[in-house]
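What follows is a single structure, written as structure tokens, with notes after it.
In this note's numbering, the protein residues as written are 474 to 748.
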């Protein structure tokens, strides 16, 4: 199953949406919804391993050789239906199923231009924002070094978790998320990100394609990642987004001295009760 659909099922279930309504809204089978919820509940209870965070191997498809033709059709006729595309492919000798054509059309269809998003405040527990900021600092051991300040901020209360780390890699990002959840006592329903590669693989039109491994992590902890549009600062809550870094820089400038730095040890992600 597509990890994005699994994330939507878990998120809606946590919001007290009935199975019947989830089926109707997402267009998936009732048995599929129940199976996803049961698996997620077992994982959270420690009765089954968490979702495999390794990227799945992509199998070759009969459609691969027709990708260029499909994209040309959709660029010329953006509203062409998947049924019509399947008919055009059949005329070229394609013998595959309609379902894989429909999925490929969804991937390549040009996305409509969206109106600018107005920045707004959020309710308690509804949203958090995560980012890194890089600093070159002088340390008592090792001299000047480059470090990165991890920040996870609750948009409503401005409560924050900050921690210096040595890298911004995937393992570090997940580990610091878990520490932030533990420090703040829960997980916000949605978290905003500034297009970092550990979260967003690429953009297709106005839609982000999320890193499958990170999306599986988000599903396990029951939150929804949301990438801010590139070069669109109005999609961020700037007060929450930049205050932690500004506050650190202001306090650090008051006492310019050397700091001690101990490298962080890796921690294993574990289920956390959501508040």
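In this text, a Cβ means the ideal position worked out from N, Cα and C, and glycines have one as well. Quick caveat: nothing in here was measured; it's all calculated off a predicted structure.
A straight line joining the alpha-carbon of residue 651 with that of residue 628 spans about 18 Å. Rounded to the nearest whole angstrom, the CA to CA distance from residue 544 to residue 570 is 18 Å. Within its own chain, the residues whose Cβ lies closer than 8 Å to the Cβ of residue 632, once the five positions on either side in sequence are excluded, are 626 and 657, listed in chain order. When rounded, the separation of the alpha-carbon atoms in residue 693 and residue 636 is 23 Å. Closest in alpha carbon position to residue 604, among 689, 699 and 540, is 699. For the options 486, 556 and 573, the alpha carbon positioned closest to that of residue 503 is the one of 486.
By the neighbour-count criterion, in which a residue is buried when 16 or more other Cβ atoms sit within 10 angstroms of its Cβ, residue 582 is buried. Looking at 664, 678 and 671, the one whose alpha-carbon comes closest to that of residue 686 is 671. When only Cα atoms are considered, residue 476 and residue 616 end up about 44 Å apart.
Residue 568 and residue 532 have their alpha carbons spaced roughly 18 Å apart. Assignment of beta-bridge partners to residue 698 by DSSP yields 664. In the structure shown, residue 619 falls within a strand segment according to DSSP collapsed to helix, strand and coil.
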